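Below is one structure; the comments refer to it alone.
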Amino acid sequence: MQPEFEVLRSEELGRYGVASRDLKAGEILHTETPMVVGPKQDSAVVCLGCNIFLDGTSAGPRCSTCGWPLCPECDDSQAPLHRAECRVFAKNRVKFQNLPKEAMVCLQLDCITPLRLLLAKEADPQRWEQEVAHMEYHEEARKQTQTWKVDDTNIVKYLRGPCKLTRFPEALIQQACGILEVNAFEAHTVSGNPVRCVFPKLAIFAHSCVPNLTHSISLDGTFRMDCRAAVDIPKGGMLYTTYTFTLTGTKERQVHLRRGKYFTCHCPRCLDPTELGTFFSSPKCTSCSEGYLISTDPLEASSPWLCTSCKISTPFAQISELLTKIEEDIAALKAKPVSRTKLIEAEKLFKHYLTFLHPNHYLLVTFRELLIEMLGHVEGCGLNGLPEILLQHKIHLIQGVLTILDTFEPGMTRARAMMLFELHAPLAVLARKLFFGKKITASAFRERLQEAASAVGQAYEVLKWEDCRLSEGVLASICKNTHTQLLNDIADITEEEE
Numbered sequence: 016m017q018p019e020f021e022v023l024r025s026e027e028l029g030r031y032g033v034a035s036r037d038l039k040a041g042e043i044l045h046t047e048t049p050m051v052v053g054p055k056q057d058s059a060v061v062c063l064g065c066n067i068f069l070d071g072t073s074a075g076p077r078c079s080t081c082g083w084p085l086c087p088e089c090d091d092s093q094a095p096l097h098r099a100e101c102r103v104f105a106k107n108r109v110k111f112q113n114l115p116k117e118a119m120v121c122l123q124l125d126c127i128t129p130l131r132l133l134l135a136k137e138a139d140p141q142r143w144e145q146e147v148a149h150m151e152y153h154e155e156a157r158k159q160t161q162t163w164k165v166d167d168t169n170i171v172k173y174l175r176g177p178c179k180l181t182r183f184p185e186a187l188i189q190q191a192c193g194i195l196e197v198n199a200f201e202a203h204t205v206s207g208n209p210v211r212c213v214f215p216k217l218a219i220f221a222h223s224c225v226p227n228l229t230h231s232i233s234l235d236g237t238f239r240m241d242c243r244a245a246v247d248i249p250k251g252g253m254l255y256t257t258y259t260f261t262l263t264g265t266k267e268r269q270v271h272l273r274r275g276k277y278f279t280c281h282c283p284r285c286l287d288p289t290e291l292g293t294f295f296s297s298p299k300c301t302s303c304s305e306g307y308l309i310s311t312d313p314l315e316a317s318s319p320w321l322c323t324s325c326k327i328s329t330p331f332a333q334i335s336e337l338l339t340k341i342e343e344d345i346a347a348l349k350a351k352p353v354s355r356t357k358l359i360e361a362e363k364l365f366k367h368y369l370t371f372l373h374p375n376h377y378l379l380v381t382f383r384e385l386l387i388e389m390l391g392h393v394e395g396c397g398l399n400g401l402p403e404i405l406l407q408h409k410i411h412l413i414q415g416v417l418t419i420l421d422t423f424e425p426g427m428t429r430a431r432a433m434m435l436f437e438l439h440a441p442l443a444v445l446a447r448k449l450f451f452g453k454k455i456t457a458s459a460f461r462e463r464l465q466e467a468a469s470a471v472g473q474a475y476e477v478l479k480w481e482d483c484r485l486s487e488g489v490l491a492s493i494c495k496n497t498h499t500q501l502l503n504d505i506a507d508i509t510e511e512e513e
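See the structure below:
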């Protein structure tokens with residue numbers, strides 16, 4: 016059987032993948048189990064078998080063999096994930112130091128995932144040489160960072176000192192740390208806790224701030240990853256994943272990639288000061304009433320910005336001051352519990368900052384997401400209790416986010432699916448209010464319900480890939496049932512009602 020992608024090389028990209036045949040949206044092109052799974056850096060105390068949070072004090076459960084954090088169930092079953100490091104800790108009498116408080120960051124656990132990667136190298140040297148050894152880890156760039164120094168103290172010296180693993184050279188341990196920092200993907204356990212996984216073949220795919228791939232990770236204990244085409248990809252087309260947050264501006268994405276992944280992104284979106292025509296990072300020009308500000312050099316944060324209309328230049332420091340103020344307002348808003356007061360405040364700030372930013376600006380997208388989350392979910396005012404004007408407002412907010420996602424995360428992506436699920440409910444509720452209020456015909460009612468059914472149906476087609484134990488997987492079941500119910504409601508609209 017022909018593989019769905021082939022690996023090529025270039026000086027600029029190193030290894031990268033291209034489609035070896037035409038791929039349809041939703042089609043699996045790659046399945047892989049991780050080389051390693053383990054806690055993220057700066058983790059709280061977790062079970063080293065199943066990753067649930069545990070009490071970090073002396074009262075917490077521990078492995079009966081080595082004394083490190085392990086829940087009773089994993090201790091009884093001799094959890095496979097913990098087995099290899101357990102032997103190291105027990106043999107060398109490496110004690111876990113209990114924390115003074117139950118929920119604290121536990122620096123001792125920083126060594127776990129790098130150690131697992133090193134032990135996996137010993138257990139499967141062939142896979143290491145064929146898949147992992149080639150992975151980028153930016154050794155020279157990392158040497159200049161504080162992260163390198165922290166890893167040297169918390170991981171390198173700890174493994175070679177108390178753990179007596181001098182068979183692992185310092186350079187190899189730092190390589191393992193770098194591979195994890197640059198290439199690891201986040202997954203979640205059944206309990207919802209985050210872990211990091213290394214999928215060596217997935218790392219072959221190039222990065223883009225407009226990815227054409229999507230992936231889902233199983234919770235069956237293997238953390239199997241299924242990678243799919245998010246959109247139709249022609250034969251020979253490059254395959255892109257993403258290592259950053261697509262709903263942040265170019266400056267923010269570049270900072271994240273440089274600090275965490277040690278590279279500068281030169282994808283078409285990053286090179287375009289309008290971000291593919293969305294003006295996603297553009298404030299309004301204060302010198303004229305028509306233009307928006309765009310960077311003269313999107314890859315250089317300090318470069319001046321020019322108005323698209325009057326061409327007047329604005330220093331980025333002035334723009335940064337505005338963005339910082341808005342970000343502070345958003346952070347303060349997020350810290351408050353959901354309430355009618357918070358909803359009113361969010362709406363007020365959203366309208367206020369519309370006068371300063373392009374309607375598509377990423378900070379206004381954040382406001383939209385906050386409002387979408389609250390409208391219809393404030394205590395005492397559910398979705399059915401919203402007046403028609405607020406239902407239409409929520410629909411408009413969701414459609415605004417979907418327009419952005421259609422550009423930056425197009426096709427069968429999780430983010431679009433979640434927003435389509437949000438869309439179906441106000442569409443259906445508004446349709447019923449208008450019809451039973453005798454404001455629309457049965458034909459229009461049917462069309463509106465069909466729009467709602469289409470939205471939730473599209474959401475299901477993506478969310479059905481998620482493990483049924485994840486919140487997205489649970490949502491898939493809801494989508495399926497809701498879609499069926501809407502189709503039944505549409506079929507029940509009689510000719511008499513016409």
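Numbering (this note's numbering), first residue to last: 16 to 513.
From the three backbone atoms N, C-alpha and C, an ideal C-beta is built for every residue, glycine too.
As the structure is a computational prediction, the values presented were derived from the model and not from experiment.
Sequence-distant partners of ILE170 (beyond 5 residues in either direction) whose C-beta falls short of 7 Å from its own C-beta, in its chain, are ASP125, CYS126, PRO129, ILE188 and CYS192. The C-beta of PHE450 has 16 or more other C-beta atoms within 10 Å across all chains shown, which makes the residue buried. Sequence-distant partners of LEU272 (beyond 5 residues in either direction) whose C-beta falls short of 8 Å from its own C-beta, in its chain, are HIS222, TYR258, THR259, PHE278, THR279 and CYS280. Secondary structure note for ARG268: its alpha helix (DSSP H) is the uninterrupted segment 265–275. Within its own chain, the residues whose Cβ lies closer than 7 Å to the Cβ of SER297, once the five positions on either side in sequence are excluded, are TYR307, LEU308, ILE309, HIS373 and HIS376, listed in chain order.
If you check the CB distance, GLY32 and MET427 do not come in under 8 Å.
With contact defined as three or more Cβ pairs closer than 8 Å, the region 60–72 and the region 87–97 are in contact.
Residue burial is scored here from C-beta neighbours: LYS179 has fewer than 16 other C-beta atoms within 10 angstroms and is therefore classed as exposed. Of the residues assessed, CYS322 falls on the buried side of the cut-off, its CB having 16 or more other CB atoms within 10 angstroms. Residue environment for ARG243: buried (at least 16 other C-beta atoms within 10 angstroms of its C-beta). Going by beta carbons, CYS325 and ARG284 fall outside the 8 Å limit.
CA-to-CA, the gap between TYR368 and LEU291 works out to about 22 Å. According to DSSP, TYR255 shares a beta bridge with ALA221.
HIS45 is bridged by DSSP to CYS242. Non-local beta-carbon contacts of MET119 in its own chain, meaning distances under 7 Å to residues more than five positions away in sequence, involve ALA59 and GLY71 in chain order.
Annotation: THR265 to PRO313 spans about 7 Å, alpha carbon to alpha carbon. By the Cβ neighbour-count rule, HIS411 is exposed, with fewer than 16 other Cβ atoms within 10 Å of its own. Collapsing the DSSP output to three states places THR497 in a helix. Using a Cβ distance threshold of 8 Å, PHE436 and LEU490 count as a contacting pair. Around the beta-carbon of ILE359, fewer than 16 other beta-carbon atoms lie within 10 Å, marking it exposed. Taking 8 Å as the cut-off, the Cβ atoms of LYS409 and ILE387 count as close. Between PHE111 and PRO84, the gap from beta carbon to beta carbon is short of 8 Å. Linking LYS479 to SER492 through their CA atoms gives a straight-line distance of about 8 Å. Here DSSP, grouped into helix, strand and coil, assigns VAL197 to helix. Between the alpha carbons of THR256 and ASP507 lies a distance of about 44 Å.
In the three-state scheme derived from DSSP, where H, G and I count as helix and E and B as strand, TRP163 is classed as helix. In this structure PRO226 is not in contact with ALA199, their Cβ atoms being roughly 17 Å apart against a cut-off of 8 Å. The Cβ atoms of GLN465 and ILE505 lie closer than 8 Å to each other. Under the DSSP assignment, HIS230 falls in the beta strand (DSSP E) whose first and last residues are 228–232. DSSP, read as helix, strand or coil, puts ARG461 in helix. Scanning the region 392–457 for uninterrupted alpha helix (DSSP H) segments of 4 residues or longer gives 403–423 and 429–451, listed from N- to C-terminal end. Cβ-Cβ separation between LEU485 and LEU445: approximately 30 Å, too far for a contact (criterion under 8 Å). Under DSSP, the beta-bridge partners assigned to LEU372 are PRO298.
Closest by C-alpha distance to GLY207, out of CYS483, ASN503, LEU338 and HIS498, is CYS483. Residue ARG142 holds the alpha-carbon nearest to the alpha-carbon of PRO215 among GLU201, ARG142, GLY236 and GLN269.
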